[in-house]
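Trainee: This is the structure I want to talk about, given as structure tokens.
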């Protein structure tokens, strides 16, 4: 009888450890993503830059990624257990840190800014491959496709813009689904203005009023960063 009890307790303990590892991983990656957002905010600052402070923040990010790599590559969370690429995501994140550090060291903030999105691309890739997309992921996908459409309109490639915009409503539905799943009253309130801007933008694109669409895109882009930050 004692052996049965011990066996049950052992199974429960292993299951709990597995669940704890998964929960811990999600929390740790969210903390990392928040720190990344803060560091990229320093890089994108329009009020001036402190190279030494930014480089220190990037070094701290690399230390954090190294610690996550050490903790989880040999203790892979359940949701990622079958992904042969799991270990590579940490190297990809560190590569972005190295690129940004090199740019910041020579005060090339324009190039650094352009490379900041590679962090989100790595998170997005990891979650997309493993079926673990969250609100932040789908908001990133939403913004990227809208930006691509805007770039096409800027280039007067209206045919391309009209073709690309049809992908966006499905991504928007994913955003709404994840937003409802998060069910955070403060976030929902912040999202309202962003959503209103999106509705005006996509209506203008469908109407082929490209001037109005690009005008509304600036409103959306101005509101997006804070809402995106609070999706984490």
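Numbering (our numbering), first residue to last: 1361 to 1592. Ideal Cβ placement from N, Cα and C applies to all residues, glycine included.
1. Hey, out of 1477, 1592, 1447, 1485, whose CA is closest to residue 1542's CA?
2. Count the other C-beta atoms from every protein chain shown that fall within 10 angstroms of the C-beta of residue 1557, then say buried if there are 16 or more, exposed otherwise.
3. Could you tell me whether the Cβ atoms of residue 1457 and residue 1421 are closer together than 7 Å?
4. Could I get the ranges of all uninterrupted alpha helix (DSSP H) runs contained in the segment 1498-1558, with 4 residues as the minimum, in chain order?
5. How do the segment 1466-1477 and the segment 1446-1453 stand: do at least 3 beta-carbon pairs fall below 8 Å, yes or no?
6. So, at 7 Å on beta carbons, what are the nonlocal neighbours of residue 1553 in its own chain, with the 5 sequence-adjacent residues on each side left out?
7. Quick check on the DSSP output: the alpha helix (DSSP H) that includes residue 1489 runs from which residue to which?
8. How should residue 1509 be labelled, buried or exposed, when 16 other C-beta atoms within 10 angstroms of its C-beta is the threshold for buried?
9. From the DSSP output, in three-state form, read off residue 1408 for me.
10. Going by beta carbon distance, what residues of the same chain come within less than 7 Å of residue 1498, once the five residues before and after it are set aside?
11. Whole-angstrom Cβ separation of residue 1459 and residue 1475, contact assumed at under 8 Å?
12. Less than 7 Å between the beta carbons of residue 1587 and residue 1559, yes or no?
13. Pick helix, strand or coil for residue 1455, following the three-state DSSP scheme.
14. If you follow the alpha helix (DSSP H) that residue 1583 is part of, which residue opens it and which one closes it?
15. Would you identify the three-state DSSP class for residue 1396, choosing helix, strand or coil?
Mentor: Let me spell this out:
1. 1592
2. buried
3. yes
4. 1518-1525, 1528-1542
5. no
6. 1583
7. 1477-1490
8. buried
9. coil
10. 1531, 1534, 1535, 1538
11. 5 Å
12. no
13. helix
14. 1570-1589
15. helix
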